[in-house]
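J.: Quick note, my numbering runs 13 ahead of the 1-based positions in the sequence shown. Yeah, the Cβ is synthetic: ideal placement off N, Cα and C, and Gly gets one too.
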Amino acid sequence: MENRTCPKCSGEMDEGTVSISEGVKYISNRQAGMLKAVTPARRARVCLNCGYMELYLDVAELKKKIQK
14 MENRTCPKCS GEMDEGTVSI SEGVKYISNR QAGMLKAVTP ARRARVCLNC GYMELYLDVA
74 ELKKKIQK
């Protein structure tokens, strides 16, 4: 990922990873069934000015789960 300016305040964005004990996970409402698979967020950017954060996950992994 390339560093970009913050969409909220135009400040400098810093790139990194996400670390919360079990990780931040995304569960799509489009997945069928009772047991929905989670997709972990692995990359992140945060604004060094206002603290706005963007999280990114592997979209190919998510698409496989949605299509099942």
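#1: Less than 9 angstroms between the C-beta atoms of residue 21 and residue 65, yes or no?
#2: Given that a residue counts as buried once 16 or more other Cβ atoms are within 10 Å of its Cβ, and exposed if not, what is residue 18?
#3: Do you know whose CA, among 31, 26, 74, 62, lies nearest residue 51's CA?
#4: Grab me the residues of residue 30's own chain with a C-beta within less than 7 angstroms of its C-beta, minus the 5 sequence neighbours each way, in chain order.
#5: Quick one: is residue 63 buried, meaning 16 or more other Cβ sit within 10 Å of its Cβ, or exposed?
T.: This is what the structure holds:
#1: Counting from one through the sequence shown, the residue named residue 21 turns up at place 8. Counting from one through the sequence shown, the residue named residue 65 turns up at place 52. For the pair residue 21 and residue 65, the CB atoms are nearer than the 9 angstroms cut-off.
#2: By 1-based counting over the sequence shown, the position of residue 18 is 5. With fewer than 16 Cβ atoms within 10 Å of its Cβ, residue 18 is classed as exposed.
#3: For the purposes of this step, residue 51 is identified with residue 38 of the sequence shown, where counting begins at 1. For residue 51, the closest of 31, 26, 74, 62 by C-alpha to C-alpha distance is 74.
#4: Counting from 1 along the sequence shown, the entry for residue 30 is found at position 17. Within the same chain, residue 30 has close Cβ partners 55, 56, 57.
#5: Mapped onto the sequence shown, residue 63 falls at position 50. Residue 63 should be labelled exposed.
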